[in-house]
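In terms of our numbering, the sequence shown opens at residue 137 and continues consecutively. In what follows, a single structure is set out as structure tokens and then discussed.
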Amino acid sequence: MADLASTCKDKLAYFRIKELKDILHQLGLPKQGKKQDLIDRVLALLSDEQGQRHHGWGRKNSFTKEAVAKIVDDIYRKMQIQSAPDLATRSHTGSDLFRPKDEVNDSFQPQPVTKVRCICDSKLLNDNMIQCEDDRCHVWQHMSCVLVPDKPTEGVGPEVPPHFYCELCRLSRADPFWVTTGNPLPPLKFMSSGVANDGTSVLQTVEKTFQLSRADRETVQRSEYDLQVWCILMNDKVQFRMQWPQYAELEVNGFAVRVVTRPGSQLLGINGRDDGPLITTCSREGTNKICLRRVDNRTFCFGVRVARRRSVPHLL
């Protein structure tokens, strides 16, 4: 593998910023930085496994070293062809006749796209990202947004878990009897409500509006569909379950909605599980207002989804 890295390093030295960014785009890596930064980002994927896991991004890259080397080699060969004098003056159609067959086919292959969907609602990439492991998802999120340490320490970043799932994938696994078909209110993170001078938590209120289209409204009127409010604890030791804050009070369009049956002061046990209240009857087409109050110094995330009910036979 040392020879592989050395060969790629020699080729990368000839690349311009344009070619380096093309490689990083195909690898799904950030394209910001100076030329040497871009080169180092590619070479990191050709280093040992530990380097692949922790270089810049929080999760391991899905490309093998051989796949990375092939991408580098393909672009290097294209540069060689494009720089040949006898091909430089040819039209695009003519040059394709002289291009290796596999190279022509490669140009029509869809390129991997880095999908960023974070609860902060920012699409910006940085060098502190983590990727959801769900095969149907693979979104990237900012570590500082989604990894919440049990005991925050100044100057110390959150610990990267061995397995990471975004909040929507956690929700989809929380209750197999519900399948998400839409998210009128995308995931919203709300931080600690703070602590008063006497050491007690203070009341926090979060108000949001969400739009319910006519199609969604008609959908949730069907017997197998409902509109559901959900909530999860960001750093829950049990990843795949709903959990509501202490003393949670929910209002939808001015109607009070009961959240949990346990006393407000009682914490959810390790074997416990909360449900998401259904708000179909108090929702309406157009703008809806939701208000959540709580007295809890932990960090949660909540949202509203259109969900389809599944029966036991569907799960068997």
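The beta-carbon is built from N, C-alpha and C at its ideal position, and this holds for glycine as well.
With respect to residue 439, residue 366 sits close: the two C-beta atoms are nearer than 9 Å. Boundaries of the beta strand (DSSP E) around residue 278: 276 to 278.
Going by beta carbons, residue 375 and residue 402 fall outside the 9 Å limit. About 11 Å separates the CB atoms of residue 328 and residue 431; that is not less than 8 Å, and the two are not in contact.
Around the Cβ of residue 303, a 10 Å sphere holds 16 or more other Cβ atoms; the residue is buried. Counting only unbroken stretches of 3 or more residues, the beta strand (DSSP E) elements lying wholly within the stretch 384 to 430 are 385 to 388, 391 to 393, 422 to 430, in sequence order.
For the options 434, 177, 442, the alpha carbon positioned closest to that of residue 284 is the one of 434. Between residue 384 and residue 396 the beta-carbon gap is near 7 Å, inside 8 Å, which marks them as a contact. When secondary structure is reduced to three states using DSSP, residue 172 falls in the helix class.
In this structure, the alpha-carbon of residue 326 lies about 16 Å from that of residue 279.
About 34 Å separates the CB atoms of residue 343 and residue 299; that is not less than 8 Å, and the two are not in contact.
Between residue 442 and residue 355, the gap from beta carbon to beta carbon is short of 9 Å.
The bridge partners DSSP lists for residue 378 are 410.
Contact between residue 166 and residue 261 is confirmed by a C-beta separation of about 4 Å, below the 8 Å threshold. Taking a 10 Å sphere around the C-beta of residue 406, we find fewer than 16 other C-beta atoms and assign the residue as exposed. Under DSSP, residue 364 shares a beta bridge with 414, 441.
Where residue 154 is concerned, the enclosing alpha helix (DSSP H) starts and stops at 153 to 163.
Here the alpha carbon of residue 310 sits roughly 40 Å from the alpha carbon of residue 205. Residue 343: member of the beta strand (DSSP E) spanning 340 to 348, first to last residue. With contacts defined as CB atoms closer than 9 Å, residue 211 and residue 158 qualify as a contacting pair. In this structure, the alpha-carbon of residue 164 lies about 45 Å from that of residue 332. DSSP places residue 321 inside the beta strand (DSSP E), whose first and last residues are 314 to 326. Ranked by Cα distance from residue 410, the first of 352, 378, 424 is 378. In the three-state DSSP reduction, residue 337 falls in the strand class (E or B). In the structure shown, the three-state DSSP call for residue 255 is coil. When only Cα atoms are considered, residue 315 and residue 390 end up about 27 Å apart. With contacts defined by Cβ atoms closer than 9 Å, residue 348 and residue 422 form a contacting pair. Sequence-distant partners of residue 350 (beyond 5 residues in either direction) whose C-beta falls short of 8 Å from its own C-beta, in its chain, are 421.
Counting along the chain, the unbroken alpha helix (DSSP H) around residue 308 starts and ends at 303 to 310. In the structure shown, the three-state DSSP call for residue 292 is coil.
If you check the CB distance, residue 446 and residue 317 do not come in under 9 Å.
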